[in-house]
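One line per chain: the protein sequences are A and B, in this order. Residue 104 in the numbering used here sits at position 104 of the first sequence, and the numbers go up by one each step. Residue 1178 in the numbering used here sits at position 178 of the second sequence, and the numbers go up by one each step. Just so it is clear, CB atoms sit at the ideal spot from N, CA and C, and this is done for glycine as well.
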Amino acid sequence: MIEFRGVTKIFGSDDTRVTAVNDLTLTIPSGAFWALMGPSGSGKSTVLHLIAGLTPPTSGSVLVEGADVTRMNSAQAAALRRRRIGYVLQAFNLLPFLTAAENVGMPLVLDGIKQAEVDARVDDALAMVNMSHRASHHPTQLSGGEQQRIAIARALVIKPAIVLADEPTGNLDRAGGRAVMDLIQDLNEKTGVTILLVTHDPVFAAFAERVLRLVDGTLVHDTPLGAQEALA
Amino acid sequence: MRHARGIHYALLGVVAQNPDGVHGYALKRQCDRILGHFWQLNFGEVYRILDRLSENGLVEEVLADNVSSRKVFRITDRGRQSLDTFILEPPTDAPRPLRQELAVKLLFAGPRQVPELVRLIDAQRDTYMRQLHLLSAQRRKITKLPIDSFVTGLLIDGAELSVRAELAWLEDVGMKLKERFLTPPAMRTGA
């Protein structure tokens, strides 16, 4: 579960003051798949950064699985990100000199996990995104869609409670974007991981069970859509 | 006409759930149970639609095995085919009347109506988002069916693109309304 309690985030000061998030109170239940939409600069990405402890709020608190991220020091926040939160971005950010499998295993290696366990979990994560056959390829040998699947596997390898996906389809064509969204939806249904998706694309936002609309850092609208499984 | 078409297929669908056939009275009761939330039909309408479906060869009368003179209807192969096609058709036209309503309100909008218009835009956006949600569920459904879903996939693509365009238009309307009525004249960009 993710909780925002009266969270405000202001960047800059005086003339350059920008309120990115304005008194946001919100509870996202565990296992939810929600989408955040809104114009550029509406504060969507800042919401994700606040959850991941990448930026502290100006006021208010953010709780992730009951733990107050805003009270953590940077080492504690880093540990939370490494162990509980998977991050997927528009840019895939894969290390070009490593294979797909090595990229996926990187968060575990950084966390000091033994190689045998790293290998086993990487195999599982690659299988989850149907990329086992690309394990030994380097990023440049993969299509955009495949690179994003590897990036998703890297997010999943830590067995996160939460996946934050910031425009994960932004660099993909429609078919590639849809395949990534199908994957994200499957993961939510099969593993129960909480997903918070930031997107400009209403077609992809509509995969979610709830769409929140943010304007100038304020939650202005909420569209419940329901679980797709119930419809299909 | 759109509603008329929808209700014809709704009734055909209910007939299809009765492989041994169904008479008008039972059909009306089943319709109330299944469709009551969307449509309320009286007996006259049920029989009128049944006659029409029968004329079009989508249902046929079967001989009742009792002495009752009630007509019993059953779906034909042609009816089943027609129903299948209808089920897989994306409901592309459903939200249009709302947009027309919005257009009329826009004509007479002043600053005082802006909150109401914004509310209407939000409601319209919800309608479209729900439609996209249904389309995406429908796409998942057809990929699991053992049928060639090529054309249905194309229809869903088309419906998604048109809903996306409508949503982009709503976004634009919302922004321009606020700029026209809620921004001080000196700060307007294009006025």
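Mapping DSSP to helix, strand and coil, what is Pro224/A?
Against the first sequence, residue 224/A aligns to sequence position 224. Correct three-state label for Pro224/A: strand.
At the level of alpha carbons, what is the spacing between Thr1085/B and Lys1071/B?
Position 85 of the second sequence, counted from the start, is the residue given in the question as residue 1085/B. Position 71 of the second sequence, counted from the start, is the residue given in the question as residue 1071/B. Rounded to whole angstroms, Thr1085/B to Lys1071/B spans 27 Å at the Cα level.
Assign Lys9/A to one of three DSSP states: helix, strand, or coil.
Looking up residue 9/A in the first sequence gives position 9. Lys9/A falls in the strand class under three-state DSSP.
Measuring alpha carbon to alpha carbon, tell me which of Arg1112/B, Leu1182/B, Arg1139/B ends up nearest Arg178/A.
Along the first sequence, one-based indexing puts residue 178/A at 178. If we check each option's Cα against that of Arg178/A, Arg1139/B comes out closest.
Which residues in the same chain as Ala77/A place their Cβ atom closer than 7 Å to its Cβ, once the five residues preceding and following it in sequence are excluded?
For this step, residue 77/A is matched to residue 77 along the first sequence. Correct list, in chain order: Gly53, Val69.
Listed from N- to C-terminal order along the chain, which residues in the stretch 181 to 201 of chain A have their beta-carbon within a distance smaller than 9 Å of any beta-carbon of chain B?
Met181, Asp182, Gln185, Asp201
So within the stretch 149 to 195 of chain A, which uninterrupted alpha helix (DSSP H) runs reach at least 4 residues, ignoring any that extend past its ends?
Qualifying alpha helix (DSSP H) stretches, in chain order: 174 to 191.
How big is the Cα-Cα spacing for Arg71/A and Gly60/A?
Within the first sequence, residue 71/A is the residue found at index 71, counting from 1. Within the first sequence, residue 60/A is the residue found at index 60, counting from 1. Approximately 11 Å between the Cα atoms of the pair.
For Ala1109/B and Gly1174/B, what's the separation of their Cα atoms in angstroms?
One-based indexing of the second sequence puts residue 1109/B at position 109. One-based indexing of the second sequence puts residue 1174/B at position 174. If I take the Cα positions, the gap works out to 12 Å.
Would you mind reading off the limits of the alpha helix (DSSP H) that contains Arg1048/B?
Translated into positions along the second sequence, residue 1048/B becomes position 48. 1043 to 1055 is the extent of the alpha helix (DSSP H) around Arg1048/B.
Can you name the start and end residues of the alpha helix (DSSP H) that Ala1123/B belongs to?
Sequence index remark: in the second sequence, residue 1123/B carries index 123 (1-based). Counting along the chain, the alpha helix (DSSP H) containing Ala1123/B begins and ends at 1114 to 1144.
Helix, strand or coil for Phe207/A per DSSP?
The count along the first sequence starts at 1 and reaches residue 207/A at position 207. Here Phe207/A sits in coil by DSSP.
Select from Val157/A, Ala100/A, Leu36/A the residue whose C-alpha is nearest the C-alpha of His221/A.
On the first sequence, position 221 is the one that residue 221/A refers to. Of the listed residues, the one whose Cα sits closest to His221/A is Leu36/A.
Under the assumption that Leu1011/B contacts Ile1049/B (Cβ atoms under 8 Å), give the Cβ distance between them as a whole number of angstroms.
Here the question's residue 1011/B lines up with position 11 in the second sequence. Here the question's residue 1049/B lines up with position 49 in the second sequence. Going by Cβ atoms, the distance from Leu1011/B to Ile1049/B rounds to 5 Å, so yes, they are a contact pair.
Who pairs with Trp34/A in a beta bridge, going by DSSP?
Residue 34/A sits at position 34 when you count from the first residue of the first sequence. Looking at the DSSP assignment, Trp34/A forms a beta bridge with Leu196/A, Arg210/A.
Are the Cβ atoms of Ala153/A and Met181/A separated by less than 8 Å?
Counting from one through the first sequence, the residue named residue 153/A turns up at place 153. Counting from one through the first sequence, the residue named residue 181/A turns up at place 181. No.
How would you list, in chain order, the residues of chain A whose beta-carbon sits under 7 Å from the beta-carbon of Asp1126/B?
In the second sequence, residue 1126/B corresponds to position 126, counting from 1. Chain A residues near Asp1126/B: Thr223.
From the DSSP output, which residues share a beta bridge with Asp1172/B?
Numbered from 1 along the second sequence, position 172 holds the residue referred to as residue 1172/B. DSSP lists no partner for Asp1172/B.
At a Cβ cut of 9 Å, what residues of the stretch 16 to 33 of chain A count as close to chain B, listed as they run along the chain?
none
Counting only the same chain and skipping the five closest in sequence on each side, list residues whose C-beta sits under 7 Å from that of Lys1028/B.
If you number the second sequence from 1, residue 1028/B lands on position 28. Excluding sequence neighbours, Lys1028/B sits near Leu1041, Phe1043, Val1046.
If you draw a straight line from the C-alpha of Leu26/A to the C-alpha of Leu219/A, how long is it?
Against the first sequence, residue 26/A aligns to sequence position 26. Against the first sequence, residue 219/A aligns to sequence position 219. Roughly 9 Å separates the two Cα atoms.
Following the continuous beta strand (DSSP E) through Leu89/A, name the residue where it begins and the one where it ends.
As a working mapping, residue 89/A is identified with position 89 in the first sequence. Counting along the chain, the beta strand (DSSP E) containing Leu89/A begins and ends at 85 to 89.
Under 7 Å, CB to CB, which of the residues in the stretch 1159 to 1177 of chain B have a partner in chain A?
The stretch 1159 to 1177 of chain B vs chain A, Cβ under 7 Å: Glu1160, Arg1164, Leu1167.
Between Arg1130/B and chain A, is the shortest Cβ-Cβ distance under 8 Å, so that the two count as touching?
Start at 1 with the first residue of the second sequence, and residue 1130/B comes out as number 130. Yes - at least one Cβ of chain A is within 8 Å of the one on Arg1130/B.
Which residues mark the beginning and the end of the alpha helix (DSSP H) in which Val69/A is found?
For the purposes of this step, residue 69/A is identified with residue 69 of the first sequence, where counting begins at 1. It is not in any alpha helix (DSSP H) - Val69/A carries neither H nor E in the DSSP assignment.
For Thr55/A, does the three-state DSSP call read helix, strand or coil?
Here residue 55/A refers to the residue found at position 55 of the first sequence. DSSP places Thr55/A outside both helix and strand once states are collapsed to three, so it counts as coil.
For Arg5/A, which residues from the same chain have a beta carbon less than 8 Å from its beta carbon, with the 5 sequence-adjacent residues on both sides left out?
Within the first sequence, residue 5/A is the residue found at index 5, counting from 1. Excluding sequence neighbours, Arg5/A sits near Thr25, Gly60, Ser61, Val62, Leu63.
Given a threshold of 16 other Cβ atoms within 10 Å of its Cβ, counted over all protein chains shown, does Ser136/A qualify as buried or as exposed?
Residue numbering aside, residue 136/A sits at position 136 when the first sequence is read from its first letter. Around the beta carbon of Ser136/A, a 10 Å sphere encloses fewer than 16 other beta carbons of the protein chains shown; the residue is thus reported as exposed.
Could you work out which residues of chain B lie near Phe207/A, taking near to mean beta carbons separated by less than 7 Å?
Looking up residue 207/A in the first sequence gives position 207. Residues of chain B passing the Cβ test: Ser1136.
With a threshold of 8 Å between beta carbons, is Asp1032/B in contact with chain A?
The count along the second sequence starts at 1 and reaches residue 1032/B at position 32. It does not: the Cβ of Asp1032/B has no partner Cβ on chain A nearer than 8 Å.
Helix, strand or coil: how does DSSP classify Asp14/A here?
Reading the first sequence from its first residue, position 14 is the one you call residue 14/A. In this structure, Asp14/A counts as helix in the three-state DSSP scheme.
Using CA coordinates, which residue listed in Arg1052/B, Phe1150/B, Gln1113/B, Arg1078/B is at the minimum distance from Ala1016/B?
The residue given as residue 1016/B occupies position 16 in the second sequence. Of Arg1052/B, Phe1150/B, Gln1113/B, Arg1078/B, the smallest CA-CA separation from Ala1016/B is found for Arg1078/B.
So the beta strand (DSSP E) Glu1061/B belongs to, where does it begin and stop?
Locating residue 1061/B in the second sequence gives position 61, counting from the first residue. It spans 1059 to 1062 - the beta strand (DSSP E) in which Glu1061/B sits, taken as one unbroken run.
When every heavy atom of the ligand SAM is checked, does at least one fall within less than 7 Å of the C-beta of Thr223/A?
Looking at this structure, you won't find the ligand SAM or any other ligand, since it has none at all.
Can you give me the C-alpha to C-alpha distance between Ala1137/B and Lys159/A, rounded to a whole angstrom?
On the second sequence, position 137 is the one that residue 1137/B refers to. On the first sequence, position 159 is the one that residue 159/A refers to. The alpha-carbon atoms of Ala1137/B and Lys159/A are separated by roughly 27 Å.
Might you give, ordered along the chain, the residues of its own chain that have their beta carbon closer than 7 Å to the beta carbon of Ala227/A, omitting 5 neighbours on each side?
The residue you call residue 227/A lines up with position 227 of the first sequence. Cβ within range, chain order: Glu209.
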